[in-house]
DNA sequence: CTATATATTTTGACTAGCCAAAGTGTCAAG
DNA sequence: CTTGACACTTTGGCTAGTCAAAATATATAG
C-alpha cells in the first residue's frame with residue numbers, strides 16, 4: 684500500500700520510483716485537461732504500461748490516499764497526492780536546471796537524465812542544489828519550479844498561436860520535452876527568455892514564422908507553435 | 684539473468700541497483716582478504732540479507748558471467764564482474780567527491796548519498812562531473828577513483844599502527860565510512876592530505892595519539908587506528 | 001431499445017528480490 | 001570413525017510491478 688523505501692536504489696524515505704512516476708504522470712495529465720478525471724487509457728499510454736496495470740496502480744494509490752479513483756470513471760490526485768507530485772516535480776525541475784547550468788548539458792537531454800535522478804536525490808542534496816542555483820523559479824524549459832512547500836508561481840502566458848503578426852514577445856515556456864524538438868529550437872536561438880518577433884502568421888498555411896533577437900529564425904506549424912508560450916510586456 | 688534496465692528508476696542500460704550493489708559488495712569483500720573466495724555468510728552480512736538470498740544471487744550472477752561461484756566454497760568476481768564493479772566504484776567515488784567539493788556536503792554524509800546516486804547517474808553526467816572536478820584520482824576518504832577504463836592508481840601506503848612514535852606522516856586514506864567516525868576525525872582536523880605527527884604510540888595502552896599540523900589532536904585505539912592509512916615521504 | 005464499439009476491470013501468470021525454516025555438506029574434536 | 005557445530009543450500013512463500021487475454025460496462029449508432 685505505497686510504502687516508503689528504506690534506501691536501496693531510491694533515496695531513503697521516498698515512495699518507490701514507480702509510485703512517484705505515476706503521481707508525476709497523473710499531475711501532468713491533469714494539467715492538460717484541468718477539472719476532469721484522468722482515464723486509465725491515458726495513464727496507461729503515458730506510463731507505457733498495459734491498461735490493467737494502470738487500473739491496479741490507481742486502486743492501490745486510492746487505498747494509500749494519494750488519488751481519488753472512480754471505477755470506470757478515472758482518477759485524480761488528492762491533496763496529499765498533489766503535494767507528493769509537486770515535490771517530485773520540484774526535484775525533477777531543479778535537477779534539470781542544475782544539469783544545464785552547472786554541468787553544462789544541453790537542455791534537450793536533461794529531461795531524461797532528470798527522470799532517473801529525481802528519485803535518487805535526497806532532500807539535503809536538493810537543498811544544496813537549490814542554493815547553488817540561487818533559488819530559481821523556472822527550469823530550462825520555462826516550467827515553474829514548485830517551492831519547498833509546494834507552491835507554484837503563476838505567470839500569465841499567451842499561446843504563440845494567439846499572437847498577431849508583428850508582435851514582439853518573450854519566449855517563456857516550451858511545453859514539449861522531446862529532445863528533437865528542443866534541439867531544433869536551440870539551433871535557431873529559441874529558448875525561454877529570448878525575445879522574438881512574430882514575423883509571419885498565416886492561418887491558411889497553418890504556419891508561424893519567428894525571428895529571434897539573436898538572429899535565428901524558424902517557421903513552425905501550428906501544432907508545434909501551440910507548444911510555445913510567450914510573455915507580452917502588457918497589452919493584447 | 685542480470686538484464687540491463689530500460690530506465691525506470693535506474694539509469695538506462697545499467698544492471699539493476701540490486702545487482703550493482705552485490706557486485707560492489709563483492710569487490711569490497713575481496714579487497715579485505717585478497718585471493719580467497721568470499722563466503723555466503725560475509726555477503727549476506729554485508730548486504731543485510733539472509734544467507735539464502737546471497738546464495739540465490741551468487742548463482743544468478745554466476746550464470747550471468749559476473750562471478751565464479753563455487754557451491755559451498757564461495758565466490759569471486761570474474762574479469763567481467765570486476766570491470767562492472769570498478770565502474771560502479773568510479774561512479775560512487777566521483778559522486779562523493781562532487782558532493783563534497785561542489786555541493787559542500789560534509790564528508791561524513793556523502794557515502795550514503797552516493798549509494799543512491801551511483802545507480803541513477805548516466806555516463807554523460809558522470810563525464811561532466813569528472814571534468815568539473817578536474818579528473819581527480821581520489822575521493823574525499825582517500826579511496827582511489829578508477830579511471831574510465833577501470834584502472835586504479837596504486838599508492839604505497841602504511842598503516843598508522845605501523846608508524847613509530849614521533850613519525851611525521853600524511854593522512855592518505857580512511858578505510859571506514861561510518862558517519863560518526865568521519866565526524867570525529869573531521870572535528871579534530873584529520874582528513875586525507877593533512878600532515879600529522881604520531882605524538883604517542885603505546886602498544887600496552889593500545890592507543891595512538893595524533894597531532895595534526897592544523898592544531899587538532901586525538902587519541903585513537905588500535906582498532907580505530909588501523910582504519911587510517913598514511914603516506915611517508917620515504918624511509919621506514 | 002438493441003447492437004456494437006470502446007474503455008475498463010478481472011484473472012491468471014510471470015520476474016526480481018526477499019525471508020524463514022528445513023535440509024545437507026564439511027570439518028574438527030573426540 | 002562418529003558427532004556436533006556451523007556454513008551453506010533448498011524449499012515454499014511473500015510483495016511489487018508487470019502483461020495478456022477474458023469478462024464486463026458504457027456509450028453511441030441505428
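Residue numbers (our numbering), protein chains in the order written: chain A, 684 to 919; chain B, 684 to 919.
We put the beta carbon where it would ideally sit given N, CA and C, even for glycine.
Query raised in the report: Which whole runs of the beta strand (DSSP E) in the segment 843–915 of chain A are 3 residues long or more, in chain order?
Result: Listed in chain order, the beta strand (DSSP E) runs fully inside the segment 843–915 of chain A are 851–857, 878–885, 890–895, 900–904 and 911–914, counting runs of at least 3 residues.
Query raised in the report: Is the Cβ-Cβ distance between residue 873 of chain B and residue 895 of chain B less than 9 Å?
Result: Locating residue 873 of chain B in the second chain gives position 190, counting from the first residue. Locating residue 895 of chain B in the second chain gives position 212, counting from the first residue. Yes, they are a contact pair.
Query raised in the report: Quick one: which chain B residues come within Cβ less than 7 Å of residue 923 of chain A?
Result: In the structure as shown, chain A begins at 684 and stops at 919. Residue 923 of chain A is therefore absent and cannot be evaluated.
Query raised in the report: In chain B, which residues lie less than 9 Å from residue 701 of chain A when you measure between Cβ atoms?
Result: The sequence position of residue 701 of chain A within the first chain is 18, counting from 1. Chain B residues near residue 701 of chain A: 691 and 692.
Query raised in the report: At a Cβ threshold of 9 Å, is residue 685 of chain A touching chain B?
Result: Counting from 1 along the first chain, the entry for residue 685 of chain A is found at position 2. False, the Cβ-Cβ gap to chain B never drops below 9 Å.
Query raised in the report: Taking only runs of the alpha helix (DSSP H) that begin and end inside the segment 719–775 of chain A, which ones reach a length of at least 4 residues, in chain order?
Result: You should have 723–730 and 734–746.
Query raised in the report: Helix, strand or coil for residue 687 of chain A per DSSP?
Result: Reading the first chain from its first residue, position 4 is the one you call residue 687 of chain A. Note: residue 687 of chain A maps to strand in three-state DSSP.
Query raised in the report: Where DSSP assigns a beta bridge to residue 841 of chain B, which residues make up the other side?
Result: Position 158 of the second chain, counting from 1, holds the residue named residue 841 of chain B. Note: residue 841 of chain B sits in a beta bridge opposite B:913.
Query - Neighbourhood of residue 712 of chain B by C-beta distance below 8 Å, restricted to the same chain and skipping five residues each side - result: Along the second chain, read from residue 1 onward, the residue named residue 712 of chain B stands at position 29. Leaving aside the five residues that flank residue 712 of chain B on each side, the residues in its chain whose CB is nearer than 8 Å to its CB run, in chain order, 721, 725, 726 and 729.
Query raised in the report: Around the Cβ of residue 877 of chain B, are there at least 16 other Cβ atoms within 10 angstroms (buried) or fewer (exposed)?
Result: Counting from one through the second chain, the residue named residue 877 of chain B turns up at place 194. Looking at its Cβ environment, which holds 16 or more other Cβ atoms inside 10 Å, residue 877 of chain B is buried.
Query raised in the report: Using Cβ-Cβ distances below 7 Å, what residues of the segment 838–858 of chain A are close to chain B?
Result: Those would be none; no residue qualifies.
Query raised in the report: Between residue 807 of chain B and chain A, is there a C-beta pair that is closer than 9 Å?
Result: On the second chain, position 124 is the one that residue 807 of chain B refers to. With 9 Å as the cut-off, residue 807 of chain B counts as an interface residue toward chain A.
Query raised in the report: Opposite residue 827 of chain B in the DSSP bridges: which residues?
Result: Within the second chain, the letter at position 144 stands for residue 827 of chain B. As DSSP reads the structure, residue 827 of chain B sits in a beta bridge with B:821.
**Report entry** Neighbour-count burial assignment, residue 707 of chain B, 16 or more Cβ in a 10 Å radius
**Finding:** Position 24 of the second chain, counted from the first residue, corresponds to residue 707 of chain B. Buried, because 16 or more other Cβ atoms sit within 10 Å of the Cβ of residue 707 of chain B.
Report task. Closer than 8 Å, Cβ to Cβ, to anything on chain B: give me those residues from the segment 806–833 of chain A, in chain order. Result -> So the close ones are 807, 808, 811, 812 and 815.
Query raised in the report: Which residue comes first and which comes last in the alpha helix (DSSP H) that contains residue 809 of chain A?
Result: Sequence index remark: in the first chain, residue 809 of chain A carries index 126 (1-based). Where residue 809 of chain A is concerned, the enclosing alpha helix (DSSP H) stretches over 806–815.
Query - Contact set between residue 704 of chain B and chain A, taken where Cβ atoms lie within less than 9 Å - result: Taking the second chain and counting its residues from 1, the one referred to as residue 704 of chain B is at position 21. 691 and 692, listed in chain order.
Query - Where residue 786 of chain A sits in the DSSP three-state scheme - result: Sequence index remark: in the first chain, residue 786 of chain A carries index 103 (1-based). Residue 786 of chain A: coil per DSSP, three-state reduction.
Requested in this report: With a threshold of 16 other CB atoms inside 10 Å of the CB of residue 875 of chain B, please say whether the residue is buried or exposed.
Outcome: Residue 875 of chain B sits at position 192 when you count from the first residue of the second chain. Classification for residue 875 of chain B: buried.
Requested in this report: Would you please state the rounded distance, in angstroms, between the beta carbons of residue 624 of chain A and residue 693 of chain A? I believe it to be under 8 Å.
Outcome: With chain A running from 684 to 919 in the structure shown, residue 624 of chain A is simply not present.
Query raised in the report: Do we get a CB-CB distance below 9 Å when we pair residue 887 of chain A with the residues of chain B?
Result: Along the first chain, read from residue 1 onward, the residue named residue 887 of chain A stands at position 204. Interface annotation, residue 887 of chain A: not in contact with chain B, CB-CB separation never under 9 Å.
Requested in this report: With a 10 Å radius around its C-beta and 16 neighbouring C-beta atoms as the bar for buried, classify residue 825 of chain A as buried or exposed.
Outcome: Position 142 of the first chain, counting from 1, holds the residue named residue 825 of chain A. Buried: at least 16 other Cβ atoms inside 10 Å.
Query raised in the report: What are the partner residues of residue 698 of chain B, as DSSP defines its beta bridges?
Result: Counted from its first residue, the second chain places residue 698 of chain B at position 15. Its beta-bridge partners are B:687.
Query - Whether residue 902 of chain B touches residue 911 of chain B by CB criterion (9 Å) - result: Here residue 902 of chain B is taken as the residue at index 219 of the second chain, counted from 1. Here residue 911 of chain B is taken as the residue at index 228 of the second chain, counted from 1. Not in contact: residue 902 of chain B and residue 911 of chain B (Cβ atoms no closer than 9 Å).
Query raised in the report: Whose CA, out of A:850, A:719, A:916 and A:714, lies closest to the CA of residue 772 of chain A?
Result: Indexing the first chain from 1 puts residue 772 of chain A at position 89. The closest CA to that of residue 772 of chain A, considering only A:850, A:719, A:916 and A:714, is found on A:714.
Query - Exposure label - residue 805 of chain A; buried when at least 16 CB within 10 Å - result: To locate residue 805 of chain A, count along the first chain from 1; it is residue 122. Classification of residue 805 of chain A: buried, given that the 10 Å Cβ count is 16 or more.
**Report entry** Buried versus exposed, by CB contacts within 10 Å (16 or more), residue 661 of chain A
**Finding:** With chain A running from 684 to 919 in the structure shown, residue 661 of chain A is simply not present.
Report task. Determine whether the Cβ of residue 804 of chain B lies closer than 9 Å to any Cβ atom of chain A. Result -> Counting from one through the second chain, the residue named residue 804 of chain B turns up at place 121. Judged by the 9 Å Cβ criterion, residue 804 of chain B is in contact with chain A.
Requested in this report: Locate the alpha helix (DSSP H) running through residue 799 of chain A, then write down its first and last residues.
Outcome: Your numbering for residue 799 of chain A matches position 116 in the first chain. Element bounds for residue 799 of chain A: 793–803.
Query raised in the report: With 9 Å set as the bound, which would you pick, yes or no: does the beta-carbon of residue 761 of chain B sit closer than that to a beta-carbon of chain A?
Result: Counting from 1 along the second chain, the entry for residue 761 of chain B is found at position 78. Chain A contact via Cβ: absent.
Requested in this report: Note down, in chain order, all residues in the segment 754–785 of chain A with a beta-carbon under 8 Å from any beta-carbon belonging to chain B.
Outcome: Taking 8 Å as the Cβ-Cβ cut-off against chain B, the residues of the segment 754–785 of chain A that qualify are 782 and 785.
**Report entry** Length of the line joining the Cα atoms of residue 791 of chain B and residue 864 of chain B
**Finding:** Residue mapping note: residue 791 of chain B aligns to position 108 of the second chain, counting from 1. Residue mapping note: residue 864 of chain B aligns to position 181 of the second chain, counting from 1. Residue 791 of chain B and residue 864 of chain B: Cα-Cα distance of roughly 8 Å.
Query raised in the report: Beta-carbon separation of residue 788 of chain A and residue 755 of chain B under 9 Å?
Result: Locating residue 788 of chain A in the first chain gives position 105, counting from the first residue. Locating residue 755 of chain B in the second chain gives position 72, counting from the first residue. No.
Report task. Under 8 Å Cβ to Cβ from residue 849 of chain A, same chain only, skipping five residues before and after it: list those, please. Result -> Stepping through the first chain from its first residue, residue 849 of chain A is reached at position 166. Residues 880, 881 and 882 of the same chain have their beta carbon placed closer than 8 Å to that of residue 849 of chain A, with the five preceding and five following residues left out of the count.
Query - Spatial distance of residue 732 of chain A from residue 760 of chain A (CA atoms) - result: Counted from its first residue, the first chain places residue 732 of chain A at position 49. Counted from its first residue, the first chain places residue 760 of chain A at position 77. Approximately 19 Å between the Cα atoms of the pair.
Query raised in the report: At least one CB of chain A closer than 9 Å to the CB of residue 698 of chain B: is that the case?
Result: Position 15 of the second chain, counted from the start, is the residue given in the question as residue 698 of chain B. Not closer than 9 Å to any Cβ of chain A, the Cβ of residue 698 of chain B fails to qualify, so no.
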